[in-house]
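One structure is given here, and the rest of the page talks about it.
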Amino acid sequence: MLFIKCPYCGIRSQNEFAYGGDATVKRPELNKEISDKEWDDFVYNRKSPRGKHLEFWHHISGCRQWFKVHRDTATHEIFKTLKPHEEL
Amino acid sequence: MQKYSVFNLIKNAFSSHENWEVAWKDPTPKKSYDVIIIGGGGHGLATAYYLAKEHNITNVAIIEKGWIGGGNVGRNTTIIRSNFMHDANGRFNEFSMDLWRNMSQELNFNVMFSPRGIINLAHSDAQMNAYARRGNSMRLNGIDAVLLNREQVKKLIPMADFSEDVRFPIFGGLMQPSAGTARHDAVAWGYARQADSMGVDIIQNCEVIGFDVVGGKIKGVRTSKGDIKANKIGLCVAGSTSILAEKLNMTLPIETHLLQACVSEPIKPLLDHVVTFGAGHFYCSQSDKGEMVMGGDLDGYNSYAQRGNLPTLQHVLTEGIAMFPFLSKLKMLRTWGGIMDMSMDGSPIIDKTHIEGLYLNCGWCYGGFKSTPASGWTFAHTIAQDKVHKLNADYSLNRFSKGYLLDEKGLGTKTWIS
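Structural data, given as C-alpha cells:
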C-alpha cells in the first residue's frame, strides 16, 4: 500500500488516488510552428526512468485536486509531493 | 544434442539419471559475434533459435542480465490466443498459433501446449454486439471464433455466477476454441536448448552497461563481462527497454508498469477453459497442478519493482469473485509481479531503428507470451535480412508519429491506464 501525502489533505492511502503519468512532459507552445517530432515527444514518447520520477496524481476520491509526486519507480519510496504549479 | 525420448529416459534410469547432458552450456563470451541478442527471455531465446534455424546465422550470443527465463516468460499466466480484431494483430498471432501447435515436436521439449479454448464473457447487449463484430473479423482472418449465448456459456462454465440479480449478469461470450495455455518455463528452456545445440552462446549473469555506436552504426556492447563486438544487435528486454534506450539516447513510446498475477491453492479439476471477465479486467484458468491462475489490472503507476501492491490485487480478485463466487473460499498460494513494456497503443514494436544494425523488439504490454514464437520468428527475419517481414510491417516504431496506431481496443493513447 502506498501512502501519499496530498498537498491539500495530508496523508491518505493509495486507494483514494488515480495516476496521471509523467509530470515533466510539456505541451508545445501553440504560437509557433510545431514539428511532428515535437508532437510525437509530447503525445507518445516517455523517458520512463528506473529511479526518481516526477509524476501527476489525482486525489480522485478526496479533494479531486491534481498534484505532483516525486517517487522512486524501483523502490516506490515517495520523496516529496508538490502542488501542480510548484517545481522541484 | 541428446534427444529427449522415452527410450533415453529408460536408458538413463539405469545410471540413476546422473549422466544426462547439460541442456545448454555456460560459455565465456567471445570477442565478437555476428549477432548479439540482448535479453534471454522467451522472445530473445526464440529469436536466437530462428536466426540459427531459418537463416543459418549461428555465431550468435544471447546476453542476459539475470538467468534465462527469469523475467516475464516465467511470470505470465501462460495464455495463448489470437482473438484480435485488427488484421495485423490477427495475422501475426495466428501465425504464432501455428508455431505453438508444433512447438513440442519441433523443440523436442514438451511445452504442454493445451488448446483448451478461451471464453471472453459479455455482460450487456452492446458487448455482445462488439464481440459479434470481433468474432466476424477473426473469422475473416481465418481464426476460429464462436459467439455463445447465455445458455451455451452456462454449459461450459456452470460454476460462474448465473444468478439474475447480479450487477454484471452474463449475457454470453466470445470463444476461441483453439486458444489455450502452455507451460511457460518449458518454452524458454526448449528454445534455449535448441539454440545452444546449433551454436548460440547463452551468456547469463551478464549486464549490458553501454553501447558502441560509431557514425550512426552499432559496433558492439559493453558488458559486465567485457566488451563484445557485433554489427547487428537486437534489443529484446521487455520492461527494461527504456533503461537500455536511455543509454542509446533514444526516447520510446513505452512506459514500464507493474502487473501482478497469483495462484490459489490447488483444487480438483473444475475449470476446463481460460475465462475472462467482461466488465473489468480479470482472467482465470486452472493449471495442471490444480491451482487457479489469475491476473488482471496493472498496478497503475510507472514501476520497475517486480513486486506489487495489495490494493490492486484486492480489486482484481473482487472482480474474480463476481465472476466465480467459489474463488472467495480459496486460499491464495502465491502472488508475484513482473514489469511490462507498455506501448502507447497497446501493440508491440518489431522494427529497425535510426542506428544501423540496431533492432528493436518491445512494447508487448501484458500480452507477450502468446506471441513468443512469432516475435522470435519475425525479429530473426528482420535482423537477418535487415528488413521487416510483412507480418511485422505494421509493428513499426514510426507508426506513432505517422498516425498509424494499432489500437486494438479503440481507446486512444495509453489504452492501459484505468
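Chains A and B are the protein sequences, given in the same order.
In this text, residue positions in the first sequence follow numbering that gives the first Met the number 0: the first is 0, and each later residue adds one.
In this text, residue positions in the second sequence follow numbering that gives the first Met the number 0: the first is 0, and each later residue adds one.
Virtual Cβ for every residue (Gly too), placed ideally from N, Cα, C.
{"query": "C-alpha gap between residue 11(B) and residue 111(B), whole angstroms", "result": "23 Å"}
{"query": "First through last residue of the beta strand (DSSP E) which encompasses residue 254(B)", "result": "253-263"}
{"query": "Same chain, Cβ closer than 8 Å to residue 10(A), neighbours up to 5 away in sequence not counted", "result": "2, 3 and 4"}
{"query": "Short-range partners of chain E found in the region 33-53 of chain A, where Cβ spacing is below 8 Å", "result": "In the displayed structure, chain E is absent; the protein chains listed are A and B."}
{"query": "Cβ-Cβ distance between residue 89(B) and residue 81(B) below 8 Å", "result": "yes"}
{"query": "Rounded distance between the beta-carbons of residue 332(B) and residue 262(B), thought under 8 Å", "result": "5 Å"}
{"query": "Chain B contact residues for residue 72(A), given Cβ-Cβ distances below 7 Å", "result": "301, 302 and 303"}
{"query": "Buried/exposed call for residue 49(B), threshold 16 Cβ in 10 Å", "result": "buried"}
{"query": "Of the listed residues 179(B), 235(B), 404(B) and 355(B), nearest to residue 283(B) (C-alpha basis)", "result": "179(B)"}
{"query": "Residue-level contact to chain A via CB, residue 250(B), 8 Å cutoff", "result": "yes"}
{"query": "Coarse secondary structure for residue 183(B), derived from DSSP in three states", "result": "helix"}
{"query": "Exposure of residue 391(B), with buried meaning 16 or more beta-carbon neighbours within 10 Å", "result": "buried"}
{"query": "C-alpha distance - residue 79(A) paired with residue 70(A), whole-angstrom precision", "result": "7 Å"}
{"query": "The region 294-307 of chain B contacting the region 245-257 of chain B, beta-carbon criterion three pairs below 8 Å", "result": "yes"}
{"query": "Inter-residue Cα distance where the pair is residue 177(B) and residue 113(B)", "result": "9 Å"}
{"query": "Candidates 18(A), 34(A), 60(A) and 49(A): closest to residue 68(A) by CA position", "result": "18(A)"}
{"query": "Through-space distance from residue 219(B) to residue 38(B), alpha-carbon basis", "result": "15 Å"}
{"query": "8 Å contact criterion, which residue 356(B) and residue 231(B) should meet: CB distance rounded", "result": "5 Å"}
{"query": "First and last residue of the uninterrupted alpha helix (DSSP H) at residue 5(B)", "result": "5-12"}
{"query": "First through last residue of the alpha helix (DSSP H) which encompasses residue 137(B)", "result": "124-139"}
{"query": "Per-residue contacts from residue 412(B) into chain A (C-beta, under 8 Å)", "result": "42 and 43"}
{"query": "Short Cβ contact (8 Å threshold) for residue 322(B) with residue 144(B)", "result": "no"}
{"query": "Sequence ranges, alpha helix (DSSP H) only - wholly within the region 35-69 of chain A, length at least 4", "result": "35-42"}
{"query": "Chain A residues whose Cβ lies nearer than 7 Å to that of residue 242(B)", "result": "49"}
{"query": "Cβ-Cβ distance between residue 466(B) and residue 40(B) below 8 Å", "result": "Since the displayed chain B opens at 0 and closes at 417, residue 466(B) lies outside it and no answer follows."}
{"query": "Neighbour flag for residue 1(A) against chain B, beta carbons, 8 Å", "result": "yes"}
{"query": "The region 142-172 of chain B: positions lying closer than 7 Å to chain A by Cβ", "result": "none"}
{"query": "Proximal residues to residue 58(B) (C-beta, below 6 Å), its chain only, five neighbours per side dropped", "result": "32 and 33"}
{"query": "For residue 355(B): DSSP bridge partner residues", "result": "216(B)"}
{"query": "Proximity test, residue 10(A) beta-carbon vs the ligand ADP heavy atom, cut-off 7 Å", "result": "Ligands in the displayed structure: none, and consequently the ligand ADP is not present."}
{"query": "Closest residue to residue 74(A) among 266(B), 373(B), 304(B) and 250(B) (Cα-Cα distance)", "result": "304(B)"}
{"query": "Where residue 30(A) meets chain B, residues with beta-carbon distance less than 9 Å", "result": "Within 9 Å Cβ-Cβ: nothing; residue 30(A) doesn't reach chain B, min ~22 Å."}
{"query": "Pairwise C-alpha distance: residue 13(A) and residue 102(B)", "result": "43 Å"}
{"query": "CB contact flag (residue 372(B), residue 131(B), <8 Å)", "result": "no"}
{"query": "Distance, residue 393(B) Cα to residue 384(B) Cα", "result": "17 Å"}
{"query": "Per DSSP, the bridge partner or partners of residue 211(B)", "result": "219(B)"}
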